[in-house]
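Below is one structure, written out as structure tokens, with a few remarks after it.
Numbering (UniProt numbering), first residue to last: 1 to 257.
Laid out in structure tokens, this is it:
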């Protein structure tokens, strides 16, 4: 283990314990710069997909088939505004259950909240409520692997915007500092998006180098309130669709009862 700029450089990508019973893939959608994550249990073959994108469903589902996995859950970290979720389409293809936070007020088979668990095979994710980007954002923490999937609450050297979908910079600041930055510093963080080609970060890195969240709360709020960003290009299509798991955009010939 070495250090650079005071940060420990850990020589692992995902499994600190040398876990052999875990299957992990990170997928990318170039249009929305969205990451989708496949987590599978090598023993039982159950798997989940986190933040799937509608246009990439066939690609992602095919990987589960190639690896001999059974999709148990299609999961969202929040109700997205920049792409249509693929959870409804995956449900139609595979019979899996869809999951989103209760406070998102979006349709799903299962609604989760703080301290709930998502189990697949021998593995378990813990739900952390991390609102602020939207009121319904959650982070999925994988304690046995030292990993968290932060959605848009915390990005690599950034964070999700707070100017729509009941976003609030004060709440986001509190969420990150009280729920994510309190995880072990070696925890690897996988966000829902990246726009600069980066794939992964850590709690320690973001506590030291995040240009927004290393500021005081007052400074952070001022930064977020003055971003003046254009709305996401797909927002008018994405939000109505994502309230119903993106289901209305499934091609008619591929819908299942």
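Ideal Cβ positions, reconstructed from N, Cα and C, are used throughout, including at glycine.
These figures come from a predicted structure and were not determined experimentally.
key: Neighbourhood of residue 229 by C-beta distance below 8 angstroms, restricted to the same chain and skipping five residues each side   = 161, 163
inquiry  = Judging by CA-CA distance, which residue of 64, 31, 139 is the nearest neighbour of residue 76?
reply    = 139
task = Could you tell me the distance, in whole angstroms, from the CA atom of residue 48 to the CA atom of residue 72?
result = 6 angstroms
message = Alpha carbons only, please: which of 144, 158, 218 is nearest the one belonging to residue 183?
response = 144
inquiry  = So if DSSP puts residue 50 in a beta bridge, which residue, or which two residues, is it bridged to?
reply    = 37, 75
ask   = Would residue 212 be called buried (16 or more neighbouring beta carbons within 10 Å of its own) or exposed?
value = buried
request  = Reducing DSSP to helix, strand and coil, say where residue 89 ends up.
outcome  = helix
task = Could you pull out every unbroken beta strand (DSSP E) segment of at least 3 residues lying fully inside the stretch 145–222, listed in chain order?
result = 147–151, 188–191
request  = Label residue 96 either buried or exposed according to how many other C-beta atoms from any shown protein chain fall within 10 Å of its C-beta, with 16 as the threshold for buried.
outcome  = buried
query = If you draw a straight line from the C-alpha of residue 244 to the C-alpha of residue 83, how long is it?
reply = 13 angstroms
message = residue 28 and residue 35 - do their beta-carbons sit closer together than 8 angstroms?
response = yes
request  = Note down the Cα distance separating residue 133 from residue 170, rounded to an integer number of angstroms.
outcome  = 10 angstroms
query = Can you pull the DSSP bridge partners for residue 80?
reply = BP columns for residue 80 are empty, so no partner.
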